[in-house]
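Numbering (the numbering used here), first residue to last: 57 to 520.
The C-beta atom is built at its ideal place from N, Cα and C for all residues, glycine as well.
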């Protein structure tokens, strides 16, 4: 009897200890998450966002994909990394839209004191870069204004890409000659500053002033030298117009969209047209959320936009996005036509490596969501989600010497190895690698496979 009582007491003690351990681990896990976000934003995100920490914070990209990933992890004997292409979206920015009943927050575009060393360094090099017309227009190299204007990159957006650069240094610093760079940016300060931020984390400051950042005429990164001196493509514009009309129709018919707008009208106590795009809603509301500013409320502060509204907004956006990249034939055709020049340029550089001709070992394209989305669509790796701030697509080229030389590629989307998901690599990978030949064949045939005889024909066609 006594033994039974002792066993029962021990069992109770064990259960209590187990519960304490579970509670302790959960508390520690939550604390670590909070500290990570606090470190990146200097204050906690809006408390509503901390409840689920799912889709909205994934879009902000506070820590999900920046400081971790599978790039450069190949430890298989006999493979050597030869070339890296990276296409990225700029970091977090100020809103480019406005909505009735919502007063946009005033964001500081001043680099914080903890980054004063960066400010001093760039102050010394800024005038030199401008004098040498490294980029072609006078622009701050980093956010350094008391008030953000338009769609300026914010200091948080810059920190995202400094982290990206440091991550790349850890991954590629011992594998590549990282001074052999080719950097391109579109003609916006937010993409240019994002490229600078990556370089700040990636390079020793000694090399930074020596790097030339080339300006691209548009987000497709078409090089006129590869296409008879012209990258004008009216055919792509026509396809995009048709694709947007189709996507707008899908969004208008979404039953959740009408419910969402009614709920927002009730919260903000103002008339918001059902025609307002979900894109605009995300752009405005996530400007608050990503920069740790409380979400907007009614004038009497009794009702506020909350997590449930954001969840519903992203549910609609992801649904529309998935339909666009998988079922909207006009968009799919547009993506292939629009980004063909970029694919050709990548393929040309890879072929030069295979022929042992000198090329840069690291190539960075600093662009937009309208670069990332069509590229992911063309490669067959897009899931329809609007790409987060500071998103990246990385294509690595490896050499394997075994009797004769062979070349392989690996593809990553926000740090995740998606090589086996690429349309031209499915069921064809070897130890996680995809033959370069499959990519080159794809670049050669993908236009024809999508009903286009050639890039020139597609761009000039009036029948699209």
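Exposed unless 16 or more other CB atoms sit within 10 angstroms - verdict on residue i
i, result
"residue 15", "With the chain covering 57 to 520 only, the question about residue 15 has no answer from this structure."
"residue 366", "buried"
"residue 244", "buried"
"residue 189", "Summary for residue 189: the model assigns pLDDT 48, below 50, so the residue's position carries little reliability, and this model does not support an answer."
"residue 457", "exposed"
"residue 422", "buried"
"residue 578", "No answer is possible for residue 578: the residues shown for the chain start at 57 and end at 520."
"residue 263", "exposed"
"residue 385", "exposed"
"residue 363", "buried"
"residue 373", "buried"
"residue 314", "exposed"
"residue 254", "buried"
"residue 358", "exposed"
"residue 509", "exposed"
"residue 128", "buried"
"residue 399", "buried"
"residue 438", "buried"
"residue 83", "Reliability of the predicted coordinates at residue 83 is poor, the pLDDT of 38 falling under 50, and no value is obtained from them."
"residue 242", "buried"
"residue 412", "exposed"
"residue 227", "buried"
"residue 528", "What is shown of the chain runs 57 to 520, which leaves residue 528 out entirely."
"residue 513", "exposed"
"residue 132", "exposed"
"residue 501", "exposed"
"residue 414", "exposed"
"residue 309", "exposed"
For residue j and residue i, believed in contact at Cβ under 8 angstroms, the rounded distance
i, j, result
"residue 419", "residue 140", "7 angstroms"
"residue 515", "residue 291", "5 angstroms"
"residue 468", "residue 454", "Going by Cβ atoms, the distance from residue 468 to residue 454 rounds to 13 angstroms, so no, they are not a contact pair."
"residue 441", "residue 383", "With a Cβ gap of about 15 angstroms, residue 441 and residue 383 do not count as contacting."
"residue 238", "residue 416", "4 angstroms"
"residue 452", "residue 259", "The pair is not a contact, with the Cβ atoms about 19 angstroms apart (cut-off 8 angstroms)."
"residue 203", "residue 295", "Their Cβ separation, rounded to whole angstroms, is 38 angstroms, which puts residue 203 and residue 295 out of contact at 8 angstroms."
"residue 434", "residue 403", "With a Cβ gap of about 13 angstroms, residue 434 and residue 403 do not count as contacting."
"residue 349", "residue 156", "That pair is no contact at about 19 angstroms."
"residue 369", "residue 334", "6 angstroms"
Coarse secondary structure for residue i, derived from DSSP in three states
i, result
"residue 163", "coil"
"residue 526", "Because residue 526 is not part of the residues shown, which for the chain are 57 to 520, the question remains open."
"residue 423", "strand"
"residue 529", "Here the chain comprises residues numbered 57 to 520, so residue 529 is not present and cannot be evaluated."
"residue 525", "Only positions 57 to 520 of the chain appear in the structure, and residue 525 is not among them; the question remains open."
"residue 234", "coil"
"residue 507", "coil"
"residue 472", "strand"
"residue 122", "coil"
"residue 79", "Confidence is the limiting factor: at residue 79 the pLDDT is only 48, short of 50, which leaves the residue's position unreliable, though a coordinate-based value still follows. Helix at residue 79."
"residue 152", "coil"
"residue 466", "strand"
"residue 487", "coil"
"residue 116", "helix"
"residue 353", "strand"
"residue 369", "helix"
"residue 347", "coil"
"residue 441", "coil"
"residue 158", "coil"
"residue 326", "coil"
"residue 217", "helix"
"residue 276", "coil"
"residue 495", "helix"
"residue 286", "coil"
"residue 482", "coil"
"residue 229", "coil"
For residue i: DSSP bridge partner residues
i, result
"residue 270", "240"
"residue 458", "460"
"residue 359", "Answer is none; residue 359 lacks a bridge partner."
"residue 413", "Answer is none; residue 413 lacks a bridge partner."
"residue 260", "Residue 260 is not bridged to any residue."
"residue 135", "456"
"residue 142", "420, 450"
"residue 200", "166"
"residue 209", "149"
Spell out a yes or no on whether the region 391 to 404 and the region 349 to 367 are touching, meaning 3 or more CB-CB pairs, one atom from each, closer than 8 angstroms.
no
Does the count of Cβ pairs from the region 147 to 166 and the region 490 to 497 closer than 8 angstroms reach three?
no
Quick check: the region 204 to 220 against the region 238 to 256, are there 3 or more CB pairs under 8 angstroms?
yes
Three Cβ pairs or more, each shorter than 8 angstroms: is that satisfied between the region 218 to 230 and the region 117 to 136?
yes
Does the contact criterion of 3 or more C-beta pairs under 8 angstroms hold for the region 265 to 278 versus the region 294 to 309?
no
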